[in-house]
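J.: Provided herewith is a single structure, encoded as structure tokens, for subsequent inquiry.
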Amino acid sequence: MRHNKKRVLIQSHYQSNENKHTMKALLPLLLFVSLCTCCLRAQENLTDRELFEQMRQSMRKEYNEYRKENEREYANYLRQTWIEYQLHKGINPYKEPKPDTIPTAPKDEKKIIKEIPAKGNIEVPIDPVHEPDILLGGNNQPKGLKSISVPFYGTDYQLSHNLGNYILKSTKTKDIADTWETFGTPAVSQLVADLVTIKLENKLNDWAFFLLVEKTANQLPQLADSNTRILFRHFALFKCGYNIRMGLIGKSLILLVPFKEQINWRQFLSEKDTKYYLFTDHENNASGAVYTVPLSGNNSGRSFSLYIQEDIYLADQPVQLSRTFRKTKYTVTINSNRIDFLKDYPQCDFRIFAEAPVDPRFEEEILKQIAPQIEPLSTGDALNWLLHFTQSAFQYATDHAQFGHEEYLFPEETFFYPKSDCEDRAIFFAWIVRRTLNLEVALMSYKDHLATGVILDQDIKGTYIRTTDKRYLLCDPTYIGANIGQCMPRYKDERPEVLKLNQ
Numbered sequence: 270m271r272h273n274k275k276r277v278l279i280q281s282h283y284q285s286n287e288n289k290h291t292m293k294a295l296l297p298l299l300l301f302v303s304l305c306t307c308c309l310r311a312q313e314n315l316t317d318r319e320l321f322e323q324m325r326q327s328m329r330k331e332y333n334e335y336r337k338e339n340e341r342e343y344a345n346y347l348r349q350t351w352i353e354y355q356l357h358k359g360i361n362p363y364k365e366p367k368p369d370t371i372p373t374a375p376k377d378e379k380k381i382i383k384e385i386p387a388k389g390n391i392e393v394p395i396d397p398v399h400e401p402d403i404l405l406g407g408n409n410q411p412k413g414l415k416s417i418s419v420p421f422y423g424t425d426y427q428l429s430h431n432l433g434n435y436i437l438k439s440t441k442t443k444d445i446a447d448t449w450e451t452f453g454t455p456a457v458s459q460l461v462a463d464l465v466t467i468k469l470e471n472k473l474n475d476w477a478f479f480l481l482v483e484k485t486a487n488q489l490p491q492l493a494d495s496n497t498r499i500l501f502r503h504f505a506l507f508k509c510g511y512n513i514r515m516g517l518i519g520k521s522l523i524l525l526v527p528f529k530e531q532i533n534w535r536q537f538l539s540e541k542d543t544k545y546y547l548f549t550d551h552e553n554n555a556s557g558a559v560y561t562v563p564l565s566g567n568n569s570g571r572s573f574s575l576y577i578q579e580d581i582y583l584a585d586q587p588v589q590l591s592r593t594f595r596k597t598k599y600t601v602t603i604n605s606n607r608i609d610f611l612k613d614y615p616q617c618d619f620r621i622f623a624e625a626p627v628d629p630r631f632e633e634e635i636l637k638q639i640a641p642q643i644e645p646l647s648t649g650d651a652l653n654w655l656l657h658f659t660q661s662a663f664q665y666a667t668d669h670a671q672f673g674h675e676e677y678l679f680p681e682e683t684f685f686y687p688k689s690d691c692e693d694r695a696i697f698f699a700w701i702v703r704r705t706l707n708l709e710v711a712l713m714s715y716k717d718h719l720a721t722g723v724i725l726d727q728d729i730k731g732t733y734i735r736t737t738d739k740r741y742l743l744c745d746p747t748y749i750g751a752n753i754g755q756c757m758p759r760y761k762d763e764r765p766e767v768l769k770l771n772q
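Heads up: the sequence shown runs through residues 270 to 772, numbered per the working numbering.
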């Protein structure tokens, strides 16, 4: 080996990051636990197990009483007059349409060191907030007499319940609030607690849990229609502590969901620094206005996050796919159920896609095949090899040509689908460089294009993007045949935004 950097083939991507907000939220619970401990220790002849069980029951009772009071307050909140808000159009991250074709880099291009200052403020890495687990104790209800099967990306979850029939009489605010309040039963609480158990056992993030609640509502025959299902979904997520709203477009109820990260292309309401994105069973509803309760009131609860901090457990449905580069075939196994889940992911901040953990099996297989190719090379030559692999192993096509709409891809999706475009390749390249060479990487966002920047500890001739404290060598996985440092002619004078990634 001729390079000094330590190669890391598989590395831990996320670390626990306790923060002041989380500790503040937990203080009442910690005080309550301490009080329970003091009281219970005064009782003699209790085993540790009995002591723990009494503490658990006391905490559950306290929490359930707190949530019940919240539900009553929120039902009254829904009974007030709803007001009209104007919906904002979905955000387009590109200022211009992406090119349908891409150029091939000239082989005899004269290379010099050129620095381009980054544009505007540097987008710092997303700091995933480690929220406390949802605290939702079941009510020890007897086994439900009714059962449903909830299909969830290859797994059919069998849930028993004792729910009665629910129907929303009209979309008057009183009827909405009255029906919403009728969900506050032990039977519904037990069903929601079972869903939370599935969430925790399978490491579902907020988005996956949002989908699980939706699929459960769709399978419950006790929910009479679309509006009643929306109402149930809202109640279940509110009960889990999320800050979620409802709205009305015509006679259709919709969900207004606050996310910590920006979602592209989806309509939203805006209140101060919070965007409430519209989700509805009637996706063709293109209304410009929505009626809802005042957004400025009753905004307690946690926002949703699209960040994937842990590998989500999904049923395995393996398929094998191959890509060829320089007459060598690279074959990997991909979980098609995981692809189906990722296909339903909102189009959001590019960094969400670049920082998500990939399927461990996919990662192990592809890195094991690539490692022998780059192990003998210097860091610069290894980086060039990875760049040419990303340029040549995948065919180019815009998302609209392949899918009919914008569809950002996670790294394993880029390997799965027959074609990919600039952001897919930039994300894939950023991931594979970090996993093999352990180099610091950022995404370079142009008006109609996405590339990658890499920090090296050596001077290589080419284009660099300069921030206040770092210098990134431009690497463009879409510019066919280009070496590290080569910039497409159309972007040679454009200043990109730098999207930093967690290292």
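Yeah, the Cβ is synthetic: ideal placement off N, Cα and C, and Gly gets one too.
(1) Should E692 be labelled buried (16 or more other beta-carbon atoms within 10 Å of its own) or exposed?
(2) So, with DSSP's three-state summary, where would you put N606?
(3) Classify G433 as buried or exposed, calling it buried when 16 or more other Cβ atoms lie within 10 Å of its own Cβ.
(4) Which same chain residues, not among the five before or five after H290, have their C-beta less than 6 Å away from its C-beta?
(5) Comparing C-alpha positions only, which one of V457, K438, S418 and D444 sits nearest to A431?
(6) Only counting the same chain, and skipping five residues up and downstream in sequence, which positions put a Cβ closer than 6 Å to that of E709?
(7) Looking at the secondary structure, which residues open and close the beta strand (DSSP E) in which L590 lies?
(8) Roughly how many angstroms lie between the CA atoms of T373 and K637, to the nearest whole one?
(9) Given a cut-off of 9 Å on the beta-carbon distance, is the pair I219 and N471 in contact?
(10) For S591, count neighbouring C-beta atoms within 10 Å of its own C-beta (all shown protein chains included) and say buried if the count is 16 or more, exposed if not.
(11) Between I518 and V461, is the Cβ-Cβ spacing less than 9 Å?
(12) Can you grab the Cα-Cα spacing for the pair E378 / W476, in whole Å?
(13) Quick test of your reading: G754 and Y741, contact by CB under 8 Å. State the CB separation rounded to the nearest angstrom.
(14) Between which two residues does the beta strand (DSSP E) carrying S439 extend?
(15) I need the boundaries of the alpha helix (DSSP H) containing E649, first residue and last residue.
(16) F685 to I603, Cα distance in whole Å?
(17) Do you know how far the Cα of V465 is from the Cα of E644?
(18) Got a sec, what are the start and stop residues for the beta strand (DSSP E) Q642 sits in?
(19) Here's the rule I'm using: 16 or more other beta-carbon atoms within 10 Å means buried, otherwise exposed. How should L414 be labelled?
(20) Looking at the unbroken alpha helix (DSSP H) that takes in P455, where does it start and where does it end?
(21) CA-CA distance, A666 and K367?
(22) Based on the DSSP secondary-structure assignment, which residues constitute the bridge partners of Y426?
T.: Answer, in terms of the structure:
(1) buried
(2) helix
(3) exposed
(4) At H290, the pLDDT of 41 sits below 50, so the modelled position is not reliable and the matter cannot be decided from this model.
(5) Sequence inspection shows Asn at residue 431; the Ala mentioned does not correspond to that position. Ranking the options by Cα distance to N431, first place goes to V457.
(6) I724 and Q772
(7) P587 to F594
(8) 30 Å
(9) Nothing can be reported for residue 219, as the shown portion of the chain is limited to 270 through 772.
(10) exposed
(11) no
(12) 46 Å
(13) Contact flag wrong, Cβ pair sits at about 11 Å.
(14) Neither: S439 is in no beta strand (DSSP E) and is coded neither H nor E.
(15) The identity of residue 649 in the sequence shown is Gly, whereas the question assumes Glu. T648 to S661 is the extent of the alpha helix (DSSP H) around G649.
(16) 7 Å
(17) 45 Å
(18) Q642 -> not in any beta strand (DSSP E); alpha helix (DSSP H) instead, spanning P629 to I643.
(19) exposed
(20) P455 to E470
(21) 10 Å
(22) V419
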